[in-house]
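In what follows, a structure is listed as structure tokens, so that the remarks can point back to it.
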Amino acid sequence: MKARNLAIDQSPKLLMALGFVAIAFLGLPLLSLLGSVNWPDFPELLSAPASLEAIRLSIVTSLSATVIAIFLGVPLALIMARSHMRGLSFVRVLVLIPLVLPPVVGGVALLMAFGRRGIIGSYLYDWLGVQLPFTTTGVVLAQTFVAMPFLVITVESALRSLSKDYEHAASTLGASRMRIFIRIQLPLIAPALAAGALLTWARALGEFGATLTFAGNFPGVTQTLPLAVYSTLDIDRDQAISLSVVMLLIAFAALFGMRDRFIKSGLT
Amino acid sequence: MTNQGLSADFTVDRNEFQLDCKLSVAPGEVLALVGPNGAGKSTALQSISGLISITSGEIKIGGQVLDSPAAHCFIPAHSRNIGVVFQNYALFPHLSVSANIAFGPRSRGASKAQTRESTDAVLAQFDLLGLARKRPAELSGGQAQRVALARALATSPDALLLDEPLSALDAVTAGHVRSELGKHLKKFQGSTIIVTHNPLDALLLADKIAILENGQITQVGSPSEIAQSPRTDYAATLMGVTLIRGRATNGVIATPNGESISTDNSQLSGSAAAIIRPDTVSVHLTMPEGSPRNVWDGEVSDIQQTLDRVRLVIRGPVTLSATITPASLNSMNLQVGSRVWTSVKAIEVAGVSLD
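Chains A and B, in that order, give the protein sequences.
Residue numbers are given in the working numbering: position 187 of the first sequence equals residue 493, and the series is strictly consecutive.
Residue numbers are given in the working numbering: position 336 of the second sequence equals residue 358, and the series is strictly consecutive.
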């Protein structure tokens, strides 16, 4: 049944008009992108070796970054939501920084830490012979650095809103901290964890600046989809556009996967 | 107190607040911890269950020390064998009723087969077989309370702590659940502490009442001891109610000594109790005329005067507490031993079913 709007619920006409401008501004570029696709050659463009290589690399690295973000980010979220340790507000800022920091700065910071002459990287290279920058592992590192905050923030807010009574009840029933985490907290925050993982993955998939700075742009090794789009835009516009559309579709799919969380009720 | 049961004598400092709590509960005994909001009841429960540690003193159960800062001993909640029923029940929303009940035994190391067997037994004992597969969100308040109790008892704890076990229920449901709870508590072999602010819970369920005010235990005693000689105004107001048990027929309760009490509930039948608040009891020097119901003779056995109230205990076929003004005390010239008549309107007598 369609509810009728009350007169008071309607916005002023000027604001309505501006709102529609915003809709057009967000929508038109995407429509233009779809309109520019060379559809007849689309399958061929995507199955070109360079395209497939970039798609494969993007999927592998973004999924790896998401898995690392889950394994490290969930424990961090637990610390932030439940512990009373000192310096927690500092940790909170640290988690938020990658969200507001230009990714290229993140890339430079990663170089300073894990580069061959970096503070940690020099030891990794000298002692273990491990080189991170300009490798596929470097791509994963850059993506994790930039995307993990999405996971931490989503999971932390879910844990924080979880009543402590469940943990207390589990504790009086004999459950250890670890058992409480695995059997009570984790299942109860599962929807938030899934949403956080999806956001993290989408962010990792689109990572550009930090990857370019820290891992470079080597086809087959570090050239992920966004880098491939950027590199081919001047050489082969049709291919750049078709790769862009792939990412647009992935973004749509990600939003579709989270529709209950973000679209129906709005961002919370 | 021997080395059996629960004994606690401790302090907890929390910010500005200090709790000083001294209790002992024998096996099979039910203690009601009663007090106003903010008196420290929850802090006391959390200390005993091991969710927080005490500042000084000692908590022991069955002779085993659970928490003693002086002895550098603290056994955390998950290693204590104490069942807790939380105020909002805290049933795990993602687990079925039977998985909620199985959680404790599994956490304490029982095998899957053992747990299945014990869970089935608990489900049967608490009449929950039909609800075994339901999620907590599908349960009524009374059912959820029963599941919470079953879950807490499924690990056969040495002690059971209940935090305001009936406060989330409406009055009618609370009555049924209370008598059901009472039956389960009678069977329970360990020590029980019920935190409540409802005098009915204390009167109907507890063998012993401890009054907690401002972080201090102000009085410990049997319900009748506290009702008859309350040590604080709070205890007097709270526990001054008189509770008389008997069998009801159409709202009239017949007491064991042959008196009958008319109540406000004309539907009341079976095992029941009449609850009479002291401020509803009228005191007369001669037998009051008119309404012949709920009138008894008696003898003033105690007079306690506070600022603007006088509390009388009147012994007779139905022993009642009554509050009157100091002016009436003077005008009637009442003393201990005075013969008086008491009357209460049926509408002022709350009839509560105990079935």
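Ideal Cβ positions, reconstructed from N, Cα and C, are used throughout, including at glycine.
**Request:** Provide the residue(s) that pair with ARG269 of chain B in DSSP beta bridges, ordered along the chain.
**Result:** Here the question's residue 269 of chain B lines up with position 247 in the second sequence. For ARG269 of chain B, which the question treats as bridged, DSSP gives the partners B:ALA276, B:SER293.
**Message:** Pairs of beta-carbons, one from the stretch 81 to 95 of chain B and one from the stretch 105 to 113 of chain B, closer than 8 Å: are there three or more?
**Reply:** no
**Item:** Own chain residues within Cβ distance below 6 Å of PRO384 of chain B, not counting five before or after
**Value:** The first residue shown for chain B is 23 and the last is 377, placing residue 384 of chain B beyond what the model contains.
**Beta-carbon neighbours of HIS206 of chain B, restricted to chain A and to distances below 7 Å** = Sequence index remark: in the second sequence, residue 206 of chain B carries index 184 (1-based). What HIS206 of chain B touches in chain A: nothing, since even the nearest Cβ is about 18 Å away.
**Item:** Closer than 8 Å at the beta carbon, the chain A residues around LEU73 of chain B
**Value:** Position 51 of the second sequence, counted from the first residue, corresponds to residue 73 of chain B. Within 8 Å Cβ-Cβ: HIS474, SER477, THR478.
**Request:** Please report how far the alpha carbon of VAL380 of chain A lies from the alpha carbon of PHE451 of chain A, in whole angstroms.
**Result:** Taking the first residue of the first sequence as 1, we reach residue 380 of chain A at position 74. Taking the first residue of the first sequence as 1, we reach residue 451 of chain A at position 145. For VAL380 of chain A and PHE451 of chain A, the distance between alpha carbons rounds to 15 Å.
**Beta-carbon proximity check, ALA112 of chain B vs SER463 of chain A, cutoff 9 Å** = Locating residue 112 of chain B in the second sequence gives position 90, counting from the first residue. Locating residue 463 of chain A in the first sequence gives position 157, counting from the first residue. No, they are not a contact pair.
**Request:** Run through the stretch 333 to 414 of chain A for me and flag every whole alpha helix (DSSP H) of 4 or more residues, listed as ranges in chain order.
**Result:** 348 to 352, 355 to 388, 394 to 406
**Message:** Checking the sheet assignment: what are the DSSP bridge partners for SER482 of chain A?
**Reply:** Working through the first sequence from its first residue, we reach residue 482 of chain A at position 176. Looking at the DSSP assignment, SER482 of chain A forms no beta bridge with any residue, so it has no partner.
**Item:** Chain-order list of residues whose beta-carbon lies under 7 Å from that of ALA498 of chain A (same chain, five-residue window excluded)
**Value:** Mapped onto the first sequence, residue 498 of chain A falls at position 192. Cβ neighbours of ALA498 of chain A beyond the five flanking positions: THR460, VAL461, ALA464.
**Item:** C-beta neighbour in chain A for SER408 of chain B, strict 9 Å
**Value:** Only positions 23 to 377 of chain B appear in the structure, and residue 408 of chain B is not among them; the question remains open.
**Asked** Do three or more CB pairs link the stretch 417 to 427 of chain A to the stretch 478 to 486 of chain A at distances below 8 Å?
**Response** no
**Asked** Looking at the structure shown, is PHE39 of chain B part of a helix, part of a strand, or coil, going by DSSP?
**Response** Within the second sequence, residue 39 of chain B is the residue found at index 17, counting from 1. In the structure shown, PHE39 of chain B sits in a strand (DSSP, three-state: E or B).
**beta strand (DSSP E) segment containing GLU247 of chain B, residue limits** = Numbered from its first residue, the second sequence carries residue 247 of chain B at position 225. Not the beta strand (DSSP E): GLU247 of chain B falls in the alpha helix (DSSP H), residues 245 to 250.
**Asked** Roughly how many angstroms lie between the CA atoms of GLU160 of chain B and GLY62 of chain B, to the nearest whole one?
**Response** Counting from 1 along the second sequence, the entry for residue 160 of chain B is found at position 138. Counting from 1 along the second sequence, the entry for residue 62 of chain B is found at position 40. Their Cα atoms are separated by approximately 33 Å.
**Interface partners of ARG130 of chain B on chain A, CB under 7 Å** = Here residue 130 of chain B is taken as the residue at index 108 of the second sequence, counted from 1. Neighbours of ARG130 of chain B on chain A, chain order: GLY480.
**Per-residue DSSP class, three states only, for THR24 of chain B** = If you number the second sequence from 1, residue 24 of chain B lands on position 2. Note that THR24 of chain B has pLDDT 45, beneath the 50 cutoff, so the model's placement of it is unreliable and no number is given.
**Request:** Less than 8 Å between the CB atoms is what I'm expecting for GLY268 of chain B and ALA294 of chain B, so what's the real figure, rounded?
**Result:** Taking the second sequence and counting its residues from 1, the one referred to as residue 268 of chain B is at position 246. Taking the second sequence and counting its residues from 1, the one referred to as residue 294 of chain B is at position 272. Confirmed, Cβ separation roughly 7 Å.
**Request:** Taking all protein chains shown into account, decide if TYR429 of chain A is buried (16 or more other Cβ within 10 angstroms of its Cβ) or exposed.
**Result:** Along the first sequence, read from residue 1 onward, the residue named residue 429 of chain A stands at position 123. Its Cβ having fewer than 16 others within 10 Å, TYR429 of chain A is exposed.
**Request:** Pull out every residue of the stretch 164 to 179 of chain B whose Cβ sits closer than 9 Å to any Cβ of chain A, in chain order.
**Result:** ALA170, ARG173, ALA174, ALA176, THR177, PRO179
**Message:** For THR24 of chain B, would you say it is in contact with chain A, using Cβ-to-Cβ distances shorter than 9 Å as the test?
**Reply:** Here the question's residue 24 of chain B lines up with position 2 in the second sequence. Confidence at THR24 of chain B is low in this model, with a pLDDT of 45, below 50, so its placement is unreliable and the value that follows should be read with caution. Output row for THR24 of chain B: interface = no.
**Message:** With H, G and I counted as helix, E and B as strand and the rest as coil, what does DSSP make of SER29 of chain B?
**Reply:** In the second sequence, counting from the first residue as 1, residue 29 of chain B sits at position 7. Residue state, collapsed to three classes: strand.
**Prompt:** So is PHE514 of chain A buried or exposed if we call it buried at 16+ other beta carbons inside 10 Å?
**Reply:** In the first sequence, residue 514 of chain A corresponds to position 208, counting from 1. When all chains shown are included, PHE514 of chain A counts as buried.
**Prompt:** Which residue from B:SER71, B:SER64, B:SER78, B:GLY72 puts its Cα closest to that of THR33 of chain B?
**Reply:** In the second sequence, residue 33 of chain B corresponds to position 11, counting from 1. The option with the nearest alpha carbon to THR33 of chain B is B:SER78.
**Proximity of THR328 of chain B and ASP255 of chain B at Cβ, strictly below 9 Å** = Mapped onto the second sequence, residue 328 of chain B falls at position 306. Mapped onto the second sequence, residue 255 of chain B falls at position 233. It is a contact, given that the beta carbons lie within the stated cut-off.
**Message:** Assuming the contact rule is C-beta atoms closer than 8 Å, SER353 of chain B and VAL335 of chain B should be a hit. Round their C-beta distance to whole Å, please.
**Reply:** On the second sequence, position 331 is the one that residue 353 of chain B refers to. On the second sequence, position 313 is the one that residue 335 of chain B refers to. That pair is no contact at about 20 Å.
**Prompt:** By a C-beta neighbour count over all protein chains shown, 10 Å radius and 16 as the cutoff for buried, is HIS390 of chain A buried or exposed?
**Reply:** The count along the first sequence starts at 1 and reaches residue 390 of chain A at position 84. So HIS390 of chain A ends up on the exposed side.
**Message:** Tell me the rounded alpha-carbon separation between LYS156 of chain B and PHE148 of chain B.
**Reply:** Taking the first residue of the second sequence as 1, we reach residue 156 of chain B at position 134. Taking the first residue of the second sequence as 1, we reach residue 148 of chain B at position 126. Their backbone Cα atoms lie some 15 Å apart in a straight line.
**Asked** Interface residues of chain B around PRO493 of chain A at Cβ under 7 Å?
**Response** Translated into positions along the first sequence, residue 493 of chain A becomes position 187. Here the neighbours are HIS116.
**Message:** Less than 9 Å between the C-beta atoms of LEU188 of chain B and VAL199 of chain B, yes or no?
**Reply:** Locating residue 188 of chain B in the second sequence gives position 166, counting from the first residue. Locating residue 199 of chain B in the second sequence gives position 177, counting from the first residue. Contact: yes.
**Prompt:** I think LEU352 of chain A touches VAL552 of chain A, with their Cβ atoms under 8 Å apart; what is that distance to the nearest whole Å?
**Reply:** Counting from one through the first sequence, the residue named residue 352 of chain A turns up at place 46. Counting from one through the first sequence, the residue named residue 552 of chain A turns up at place 246. Correct: roughly 7 Å between the Cβ atoms.
**Prompt:** Counting pairs of beta carbons, one from the stretch 62 to 77 of chain B and one from the stretch 41 to 50 of chain B, are three or more of them closer than 8 Å?
**Reply:** yes
**Message:** By the three-class DSSP mapping on this structure, what secondary structure does HIS219 of chain B have?
**Reply:** The sequence position of residue 219 of chain B within the second sequence is 197, counting from 1. Here HIS219 of chain B sits in coil by DSSP.
**Message:** Closer than 8 Å between beta carbons: that is the criterion. Which residues of the stretch 36 to 47 of chain B meet it against chain A?
**Reply:** none
**Message:** So for PHE96 of chain B, helix, strand or coil by DSSP?
**Reply:** Indexing the second sequence from 1 puts residue 96 of chain B at position 74. In the structure shown, PHE96 of chain B sits in a strand (DSSP, three-state: E or B).
**Prompt:** Are the stretch 438 to 451 of chain A and the stretch 500 to 520 of chain A touching, with three or more C-beta to C-beta distances below 8 Å?
**Reply:** yes
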